[in-house]
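Position one of the sequence shown corresponds to residue 436 (this note's numbering), numbered consecutively onward. Beta carbons are placed, not taken as given, at the ideal position from N, Cα and C, and that holds for glycine. Shown next, in structure tokens, is the structure this report addresses.
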Amino acid sequence: MKKQDNESLIQEIQKRLDWYTMEASDEEFDADEVQNLLKLLDGLTPEEEKDRLSSDEVVDNFWKYCA
């Protein structure tokens, strides 16, 4: 996959995650979908950005925040 295609896909995933976290109603929110998107994003992220939290850590932090 080209770097530009990869970046476009990353941006699209981030937009979907933003929608889920900022706009989705309780009925629209899909925790499994969010987790899958985070894992996909984790796999597409360039190596220099890998020192960020893993998708599992982000999901755990999200649920702790919501509790």
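- Note on S490: 16 or more other CB atoms within 10 angstroms of its CB, so buried under the neighbour-count rule.
- By the C-beta criterion, the stretch 436 to 445 is judged not to be in contact with the stretch 455 to 467, since fewer than 3 inter-stretch pairs fall below 8 Å.
- For D440, the enclosing alpha helix (DSSP H) has its first and last residue at K438 to M457.
- In terms of Cα proximity to K474, the closest of T456, L452 and K438 is L452.
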